[in-house]
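Before any comments, here is the structure.
In this note's numbering, the protein residues as written are 19 to 427.
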């Protein structure tokens, strides 16, 4: 999306003050699904929300949020899941119960180099596939599981994966077309060790655009010469990888950074699991140049942020925070950022702008980054900026920041 278009979107959101979902409310509120309103429908509604799994305080926050949405999904509605992990003991019982009461469940899951069930990362995905297979034997239709062979929409090169993290609900309680996007792997192991975030929106256009990518992913074949896709709506834009190739000219993350002024009016916070390769280099150079011209950058260094990136950002004067450390717990010896998140505020045309980005895109050009399936959304509102800034604060507050080599997996 060109800078002018992005600025117009952000300006419309900041000046008009419209919410991303049209409700103006934050979080989710509701009642037991058996408690009807006067119209005889469930009273539960979904509004915009942003949630972080925190392995050091209260694990499973996003899993419980998903469980609540699943429990309020009525018979005949559809749940669409695109995930690298599906192994949560919190969400699985709700998902199983939803299917049994008539909810359609469709999943695109990473299937490794052979495109088969991956019990190691998706034990509940295997159970879901078995449940649906049994249902089909008894005449049930409308649900399915696809195990992708490496990527879903890209070139299946060595090490490439289906890495997107998206959940969609055609209806939850009284709310239709709910979309969740972020960096969260739905599983007990990630809950115990990884910071990761998801944003929930009820924008119909976003739902349709993301659903088109979900259905394309379900075909498990290359989606055009370059599968990179972009979409935009009121207060948001989104991009989907693989991008083959990825270049400085078509990199949406670099485009984002170039659209933000590099001066003393700019403040940025980035929490990044991985940043490496040629792409990591050109993104680090842009960030360093912004800091050298006065921008303030706090960067949480995840376990796969490579040393050249760290050296360049440190030399420029960025504040570096440790994003992987030992916890002293036997069952979960490490805590680390799995985020690929960013907030920024800057002044342009005399107006202060606010933005946040959240998704699965690690900043690299290798198999774990631009060559794999990714989904990232940009949100242009003060709410998104403020909320994500607050959610990232515990990582920044952690001490000490020694940035030692850390391999939590």
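Built from N, CA and C at the ideal position, the CB exists for glycine as well.
Nothing here was measured: the structure is a model prediction, and the numbers come from that model.
- When beta bridges are read from the DSSP output, residue 366 appears opposite 369.
- Contact annotation: residue 126 and residue 117 have beta-carbon atoms that are not nearer than 7 Å.
- For residue 319, the enclosing beta strand (DSSP E) has its first and last residue at 314–323.
- DSSP places residue 285 inside the beta strand (DSSP E), whose first and last residues are 285–294.
- Cβ contact annotation for residue 391 (same chain, cutoff 7 Å, sequence separation greater than five): 169, 170, 171, 172, 180, 181, 182, 235, 259 and 260, in chain order.
- By the neighbour-count criterion, in which a residue is buried when 16 or more other Cβ atoms sit within 10 angstroms of its Cβ, residue 348 is exposed.
- Secondary structure at residue 419: coil, using DSSP grouped into helix, strand and coil.
- Residue 195 sits in a strand when the DSSP states are folded into three classes.
- Around residue 330, the same chain offers 302 and 306 as residues with beta carbons nearer than 6 Å, after the five sequence neighbours per side are excluded.
- Nearest in C-alpha terms to residue 238, of all of 208, 197, 394 and 128, is 128.
- It is roughly 5 Å from the alpha-carbon of residue 214 to the alpha-carbon of residue 357.
- Annotation: the continuous beta strand (DSSP E) that includes residue 184 extends over 184–190.
- Residue 376 is bridged by DSSP to 395.
- For residue 211, the enclosing alpha helix (DSSP H) stretches over residues 206–211.
- Contact annotation, residue 295 with residue 383: C-beta distance approximately 4 Å; criterion of less than 8 Å satisfied.
- Contact between residue 274 and residue 381 is ruled out by a C-beta separation of about 11 Å, above the 8 Å threshold.
- For residue 228, the enclosing alpha helix (DSSP H) starts and ends at 222–236.
- In the three-state reduction of the DSSP assignment, residue 246 falls in the coil class, being assigned neither a helical nor a strand state.
- Just measuring C-alpha positions, the residue of 100, 73, 229 and 217 sitting nearest residue 396 is 217.
- Residue 371 holds the alpha-carbon nearest to the alpha-carbon of residue 285 among 371, 113 and 67.
- With respect to the 7 Å criterion, residue 112 and residue 85 are classified as neighbours on the basis of their beta carbons.
- Counting C-beta pairs closer than 8 Å gives fewer than three between the region 221–236 and the region 398–410, which falls short of the contact rule.
- If you ignore the 5 residues before and after residue 279, its C-beta comes within less than 6 Å of the C-beta of 364, all in its own chain and listed in chain order.
- Annotation: residue 144 is outside any beta strand (DSSP E); the continuous alpha helix (DSSP H) that includes it extends over 141–155.
- Remark: C-beta atoms of residue 187 and residue 87 approach each other more closely than 7 Å.
- If you draw a 10 Å sphere on the C-beta of residue 427, you find fewer than 16 other C-beta atoms in it, and that means exposed.
- In the DSSP assignment, residue 342 is bridged to 354.
- For residue 100, the enclosing beta strand (DSSP E) begins and ends at 96–101.
- Minimum Cα-Cα distance from residue 163 among the listed residues 367, 108, 68 and 150 corresponds to 150.
- Boundaries of the alpha helix (DSSP H) harbouring residue 86: 79–89, taken from the DSSP string.
- The beta-bridge partner set that DSSP reports for residue 127 consists of 101 and 165.
- About 19 Å separates the CB atoms of residue 65 and residue 256; that is not less than 8 Å, and the two are not in contact.
- Residue burial is scored here from C-beta neighbours: residue 71 has at least 16 other C-beta atoms within 10 angstroms and is therefore classed as buried.
- Looking only at 375, 419, 61 and 184, the smallest Cα-Cα distance to residue 270 is reached by 375.
- With respect to the 7 Å criterion, residue 266 and residue 300 are classified as neighbours on the basis of their beta carbons.
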